[in-house]
Amino acid sequence: MLLDDISLQTLSFLLIFAFSAGFVDSIVGGGGMIQLPALLIFLPQFSIPTIIGTHKLASVSGTLVAASQYIKQVKVDWKVMLPAVAITGVFALMGARLVSSLDKETLRPIILVLLVLVLIYTLVKKDLGTHHAPKYHGKVFFWGVMLTGAILGFYDGFFGPGMGSFLIFTFVSIFYLDFLHASAYAKIMNCASNVPAIIYFMSSGDVLYKVAIPLAIANILGSIVGTKLALKKGSAFVRIFFVVVVIGVILRFGYDIFFKH
């Protein structure tokens with residue numbers, strides 16, 4: 003036995019899922035749709051807050067590494083991103099505080115519809131995200147990113163699934179960044195939205211460190227491989243990967259809504 007009733011075999015399976023989650027998340031987001039269900043399935047003896055806390059600590063490690071890799075290759079406007087990081091974190095905390103007072107399940111059909119629209123728009127716009135041609139600059143870009151951080155930060159704190167993909171889509175479709183720049187911005191803001199939740203779960207003791215740390219390492223390795231592949235292949239590759247992941251998330255949401263009881 004490794005920890006209580008967690009076997010080495012169970013941990014081995016979780017490491018595979020964590021690597022896959024880090025790989026996928028580093029390119030287009032959506033890694034949480036891989037790692038979190040795996041934790042819920044393989045560790046049913048632990049409470050939901052403990053599972054989420056363990057997942058958050060492991061996944062943010064990969065996201066941080068991915069962000070650092072993108073930053074080395076992609077020019078980031080830090081005069082915009084630093085305030086956006088703060089705004090995203092604050093609104094994520096606000097969203098987290100509302101978790102217990104509202105029914106999150108009512109959001110699932112809405113998010114499913116939004117994801118379908120995102121997929122359709124991406125497929126129709128053949129050149130979406132393939133060229134880096136920012137549409138807005140100066141104050142317009144600044145406040146647009148602030149609004150994006152506030153809305154999606156709140157969403158991530160309150161609900162979360164698909165946060166990275168929504169961020170990337172926003173930067174690509176509204177601000178006209180290419181997928182590589184959008185991924186870099188999304189990773190930075192995604193880290194910011196996770197920090198309040200991680201601090202909360204750690205302070206409340208809802209983190210299995212002997213599981214989270216190995217998963218974090220696997221997540222980081224997957225993130226490194228995914229980021230290098232994305233930077234090597236370019237925005238056209240990331241676009242294709244984005245479409246595949248969005249389809250996967252849609253199927254997952256559809257299953258949860260229509261078939262899971």
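Just so you know, the sequence shown maps onto residues 3 to 263 in the working numbering. C-beta: ideal position from N, C-alpha, C; glycine also.
Any heavy atom of the ligand GTP within a distance shorter than 8 Å of the CB on residue i?
| i | result |
| --- | --- |
| Thr150 | Absence of the ligand GTP is noted for the structure shown, with no ligands found whatsoever. |
Enumerate in chain order the residues of its own chain whose CB-to-CB distance from residue i is below 7 Å, with the five nearest sequence positions on each side excluded.
| i | result |
| --- | --- |
| Ala188 | Gly31, Gly166, Leu169, Ile170 and Phe173 |
| Met3 | Confidence at Met3 is low in this model, with a pLDDT of 42, below 50, so its placement is unreliable and the value that follows should be read with caution. Result list for Met3: Ser9, in chain order. |
| Ser175 | Tyr123 and Leu130 |
| Val76 | Leu182, His183 and Ala186 |
| Leu59 | Ile200, Val209, Ala214 and Ala218 |
| Asp180 | Gly131, Thr132, His133, His134 and Ser237 |
Tell me whether residue i sits in a helix, a strand or coil according to DSSP, three-state version.
| i | result |
| --- | --- |
| Ile8 | strand |
| Met3 | Low confidence applies here, because Met3 scores a pLDDT of 42, under 50, leaving its location unreliable and the question unanswered by this model. |
| Tyr138 | coil |
| Thr65 | helix |
| Asp208 | coil |
| Thr132 | coil |
| Ser49 | coil |
| Ile176 | coil |
| Leu100 | coil |
| Asp27 | helix |
| Phe21 | helix |
| Asp79 | coil |
| Pro163 | coil |
| Gly151 | helix |
| Gly256 | helix |
| Lys74 | helix |
| Lys234 | helix |
| Lys58 | helix |
| Gly33 | coil |
| Phe143 | helix |
| Lys127 | coil |
| Phe261 | coil |
Inspect the beta-carbon positions of residue i and residue j and report whether they are closer than 9 Å.
| i | j | result |
| --- | --- | --- |
| Pro136 | Phe177 | yes |
| Ser63 | Ile190 | no |
| Ile89 | Gly151 | yes |
| Tyr138 | Gly97 | no |
| Asn192 | Thr108 | no |
| Phe25 | Val227 | yes |
| Lys230 | Gln71 | yes |
| Ile113 | Val247 | no |
| Val118 | Ile259 | no |
| Val147 | Ala86 | yes |
| Ala40 | Ala199 | no |
| Thr132 | Ser237 | yes |
| Thr12 | Leu38 | no |
My assumption, with CB atoms under 8 Å, is that residue i sits in contact with residue j. Please give the rounded CB distance.
| i | j | result |
| --- | --- | --- |
| Ile36 | Phe19 | 6 Å |
| Gly162 | Gly34 | 7 Å |
| Leu182 | Val240 | 6 Å |
| Phe255 | Ile54 | With a Cβ gap of about 18 Å, Phe255 and Ile54 do not count as contacting. |
Report all residues from its chain with a CB closer than 6 Å to the CB of residue i; omit the five preceding and five following residues, and keep chain order.
| i | result |
| --- | --- |
| Thr56 | Val209, Leu210, Val213 and Ala214 |
| Ala220 | Leu17, Ala20 and Phe21 |
| Leu121 | Val248 |
| Gly91 | Ala194, Val197 and Pro198 |
Excluding the five sequence neighbours on either side, which residues of its own chain have a C-beta within less than 8 Å of the C-beta of residue i, listed in chain order?
| i | result |
| --- | --- |
| Phe143 | Asp79, Val82, Pro136 and Phe177 |
| Pro51 | Phe203, Ser206 and Asp208 |
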